[in-house]
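First up is the structure itself, then whatever we jot down about it.
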Amino acid sequence: MSFYWRSYKNSSGQRGEVYTDVPCRTNQQGRFPDVAYLTPELVAQYGDAKVLPQSFPLSAEIVSPTDLAEDVISKAQEYLQSGGEEVWLVYPENCWIIVVTEEFRKIFISGEVVSTQKVLLGFSISVDELLA
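Under this note's numbering, the first residue of the sequence shown carries the number 1, and numbering increases by one thereafter.
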């Protein structure tokens, strides 16, 4: 996923940075989203910080079969309540991607195209290609 977000960021001329397993601070605790995108404005503001003092605007969590649904949903809500704008919950085993924002939740399945809703606008990819 980080490869696709980074490639799109570069090819579209959108600046910012894509990270993997980098720490951020939510209202409740420290977290390490699996993949995260930081806007150019936040890179300028927090670029040298060891820990981002808020959630990333766009985060993705790769959900394993042993993760509890309640825990994953709580984590997404925690990101959104701490400055995040969009969270992708990626279920590779089921070929599902749930995109969560404050306003809505959308489920994308095999055969469909998933796209960003609020951050890194214009990015889209088939669920099958992303999870291949």
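The beta-carbon is built from N, C-alpha and C at its ideal position, and this holds for glycine as well.
Inclusion of W5 and F108 in the CB contact set at 8 Å is not warranted, their separation being larger than that value.
Sorting S115, Q81, S74 by C-alpha distance to the C-alpha of V63 places S74 at the top.
Here the C-alpha atom of L42 lies approximately 30 Å from the C-alpha atom of E70. According to DSSP, residue pairing for Y46 in a beta bridge does not occur. Per DSSP, the continuous beta strand (DSSP E) segment holding L58 begins and ends at 58 to 62.
Classified as buried, F56 has 16 or more neighbouring CB atoms from the shown chains inside 10 Å of its CB. Boundaries of the alpha helix (DSSP H) around E129: 127 to 131. Listed in chain order, the beta strand (DSSP E) elements of length 3 or more contained wholly in the segment 99 to 124 are 105 to 109, 113 to 115.
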